[in-house]
(Lines of atoms letter the chains of each structure in order from A; the text may use other names.)
(Lines give C-alpha, C1' and ligand atoms only; values in the text may rest on other atoms or scores of the structure.)
Protein backbone atom coordinates (compact mmCIF):
# COMPACT_ATOMS: atom_id res chain seq x y z
CA UNK A 47 0.00 0.00 0.00
CA UNK A 48 1.50 3.37 -0.96
CA UNK A 49 2.25 5.63 1.99
CA UNK A 50 3.02 9.33 2.04
CA UNK A 51 4.78 10.97 4.97
CA UNK A 52 4.54 14.77 5.00
CA UNK A 53 7.26 16.02 7.35
CA UNK A 54 7.76 19.60 8.38
CA UNK A 55 11.38 20.61 8.88
CA UNK A 56 12.56 20.83 12.47
CA UNK A 57 12.94 24.06 14.48
CA UNK A 58 15.13 26.56 12.67
CA UNK A 59 17.05 29.60 13.81
CA UNK A 60 15.04 32.81 13.76
CA UNK A 61 15.24 35.00 10.67
CA UNK A 62 18.16 37.43 10.82
CA UNK A 63 19.21 40.49 8.89
CA UNK A 64 21.36 39.57 5.93
CA UNK A 65 20.35 35.89 6.03
CA UNK A 66 17.98 34.66 3.36
CA UNK A 67 15.09 32.42 4.32
CA UNK A 68 16.57 29.69 2.12
CA UNK A 69 19.80 29.75 4.16
CA UNK A 70 18.31 29.51 7.67
CA UNK A 71 19.84 26.64 9.66
CA UNK A 72 18.37 24.35 12.29
CA UNK A 73 18.45 25.38 15.91
CA UNK A 74 20.09 22.97 18.36
CA UNK A 75 16.68 21.71 19.50
CA UNK A 76 15.77 21.16 15.84
CA UNK A 77 18.79 18.96 15.30
CA UNK A 78 17.75 16.67 18.14
CA UNK A 79 14.12 16.59 16.93
CA UNK A 80 15.30 15.62 13.43
CA UNK A 81 17.22 12.61 14.75
CA UNK A 82 14.24 11.69 16.93
CA UNK A 83 11.81 11.95 14.00
CA UNK A 84 13.87 9.54 11.90
CA UNK A 85 14.01 7.10 14.81
CA UNK A 86 10.28 7.49 15.48
CA UNK A 87 9.49 6.61 11.85
CA UNK A 88 11.58 3.45 12.12
CA UNK A 89 9.87 2.52 15.41
CA UNK A 90 6.50 2.96 13.67
CA UNK A 91 7.69 0.65 10.84
CA UNK A 92 7.63 3.59 8.41
CA UNK A 93 10.81 3.32 6.38
CA UNK A 94 10.68 5.53 3.30
CA UNK A 95 12.01 4.33 -0.03
CA UNK A 96 12.33 7.86 -1.43
CA UNK A 97 12.69 11.27 0.23
CA UNK A 98 11.63 14.40 -1.64
CA UNK A 99 13.39 17.28 0.09
CA UNK A 100 13.08 21.04 -0.32
CA UNK A 101 16.35 22.77 -1.22
CA UNK A 102 16.16 25.06 1.84
CA UNK A 103 19.06 24.62 4.28
CA UNK A 104 16.78 23.75 7.23
CA UNK A 105 14.98 21.00 5.30
CA UNK A 106 18.28 19.61 4.01
CA UNK A 107 19.64 19.49 7.56
CA UNK A 108 16.42 17.96 8.89
CA UNK A 109 16.56 15.18 6.30
CA UNK A 110 20.27 14.46 6.76
CA UNK A 111 19.70 13.97 10.49
CA UNK A 112 16.51 11.94 9.97
CA UNK A 113 18.32 9.79 7.41
CA UNK A 114 20.81 8.53 9.98
CA UNK A 115 17.99 6.13 10.97
CA UNK A 116 16.94 5.58 7.32
CA UNK A 117 20.17 4.89 5.42
CA UNK A 118 18.56 2.94 2.56
CA UNK A 119 16.29 5.80 1.47
CA UNK A 120 16.95 7.51 -1.86
CA UNK A 121 17.14 11.31 -1.59
CA UNK A 122 15.79 13.65 -4.27
CA UNK A 123 16.13 17.42 -3.93
CA UNK A 124 13.00 18.99 -5.42
CA UNK A 125 13.21 22.74 -5.94
CA UNK A 126 9.45 23.00 -6.44
CA UNK A 127 8.76 21.99 -2.81
CA UNK A 128 10.17 25.26 -1.48
CA UNK A 129 7.46 27.94 -1.30
CA UNK A 130 4.84 25.79 -3.01
CA UNK A 131 1.16 25.23 -2.29
CA UNK A 132 -0.99 22.09 -2.29
CA UNK A 133 -1.52 21.98 -6.09
CA UNK A 134 2.23 22.42 -6.63
CA UNK A 135 3.06 19.61 -4.22
CA UNK A 136 0.43 17.37 -5.84
CA UNK A 137 1.99 17.97 -9.26
CA UNK A 138 5.24 16.55 -7.89
CA UNK A 139 3.56 13.60 -6.16
CA UNK A 140 1.38 12.73 -9.17
CA UNK A 141 4.49 12.14 -11.29
CA UNK A 142 6.06 9.61 -8.91
CA UNK A 143 6.69 6.07 -10.06
CA UNK A 144 7.54 4.56 -6.69
CA UNK A 145 6.20 1.52 -4.90
CA UNK A 146 6.06 1.92 -1.17
CA UNK A 147 6.74 4.83 1.13
CA UNK A 148 7.66 8.41 0.19
CA UNK A 149 8.58 11.13 2.67
CA UNK A 150 8.36 14.81 1.72
CA UNK A 151 10.48 17.09 3.92
CA UNK A 152 8.98 20.51 3.42
CA UNK A 153 7.38 23.55 4.96
CA UNK A 154 4.23 24.96 6.48
CA UNK A 155 1.51 25.73 5.68
CA UNK A 156 1.76 23.38 2.69
CA UNK A 157 2.48 20.21 4.71
CA UNK A 158 -0.60 20.45 6.92
CA UNK A 159 -2.80 21.82 4.13
CA UNK A 160 -1.83 18.91 1.87
CA UNK A 161 -2.50 16.40 4.66
CA UNK A 162 -5.95 17.91 5.23
CA UNK A 163 -6.70 18.05 1.48
CA UNK A 164 -5.73 14.41 0.90
CA UNK A 165 -7.45 13.03 4.03
CA UNK A 166 -10.67 11.21 3.30
CA UNK A 167 -12.86 8.49 4.74
CA UNK A 168 -11.24 6.37 7.42
CA UNK A 169 -8.85 9.09 8.61
CA UNK A 170 -7.93 9.22 12.27
CA UNK A 171 -9.96 12.00 13.93
CA UNK A 172 -7.29 12.96 16.46
CA UNK A 173 -4.68 13.23 13.70
CA UNK A 174 -7.09 15.36 11.63
CA UNK A 175 -7.54 17.73 14.57
CA UNK A 176 -3.78 18.08 14.95
CA UNK A 177 -3.35 18.77 11.22
CA UNK A 178 -6.10 21.40 11.36
CA UNK A 179 -3.88 23.41 13.72
CA UNK A 180 -0.81 23.02 11.50
CA UNK A 181 2.10 20.62 11.74
CA UNK A 182 4.59 21.68 14.39
CA UNK A 183 8.26 21.67 13.43
CA UNK A 184 9.86 18.22 13.53
CA UNK A 185 6.51 16.49 13.00
CA UNK A 186 5.08 14.34 10.21
CA UNK A 187 1.63 13.36 8.97
CA UNK A 188 1.28 9.78 7.70
CA UNK A 189 -1.20 9.04 4.91
CA UNK A 190 -2.03 5.71 3.27
CA UNK A 191 -3.91 5.32 0.01
CA UNK A 192 -5.11 2.61 -2.36
CA UNK A 193 -4.78 4.47 -5.68
CA UNK A 194 -1.70 5.20 -7.77
CA UNK A 195 0.45 8.29 -7.24
CA UNK A 196 -1.04 9.72 -10.45
CA UNK A 197 -4.56 9.41 -8.97
CA UNK A 198 -3.68 10.88 -5.56
CA UNK A 199 -5.92 13.87 -4.94
CA UNK A 200 -8.65 15.31 -2.75
CA UNK A 201 -9.88 12.86 -0.12
CA UNK A 202 -8.12 9.86 -1.69
CA UNK A 203 -5.97 9.00 1.35
CA UNK A 204 -6.40 8.11 5.00
CA UNK A 205 -4.52 10.15 7.58
CA UNK A 206 -3.41 7.39 9.94
CA UNK A 207 -0.99 9.05 12.34
CA UNK A 208 1.03 12.04 13.39
CA UNK A 209 4.64 11.20 14.26
CA UNK A 210 6.75 13.70 16.16
CA UNK A 211 10.43 14.00 16.89
CA UNK A 212 9.59 16.62 19.50
CA UNK A 213 7.66 14.36 21.86
CA UNK A 214 10.39 11.79 22.49
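Residue numbers (the numbering used here): 47 to 214.
No residue lacks a Cβ here, since even glycine has one placed at the ideal position from N, Cα and C.
- Straight across, the Cα-Cα distance linking residue 195 with residue 78 is about 32 Å.
- Restricting attention to beta strand (DSSP E) runs no shorter than 3 residues, the stretch 100-178 encloses them at 120-123 and 147-152, ordered along the chain.
- Of all alpha-carbon atoms in 137, 147 and 153, the one lying nearest the alpha-carbon of residue 197 is that of 137.
- DSSP lists 185 as the beta-bridge partner residues of residue 210.
- Rounded to the nearest whole angstrom, the C-alpha separation of residue 192 and residue 97 is 20 Å.
- Distance from residue 208 to residue 187 at the Cβ level is roughly 6 Å; contact confirmed, criterion being Cβ atoms closer than 8 Å.
- Counting C-beta atoms within 10 angstroms of its own C-beta, residue 107 has 16 or more neighbours from the protein chains shown and is therefore classed as buried.
- With a cutoff of 8 Å on beta-carbon distance, residue 203 and residue 139 are scored as not near each other.
- Between residue 54 and residue 154, the gap from beta carbon to beta carbon is short of 8 Å.
- For the 8 Å CB-CB criterion, residue 147 and residue 127 do not form a contact.
- In the DSSP assignment, residue 72 falls outside any beta strand (DSSP E), carrying neither H nor E.
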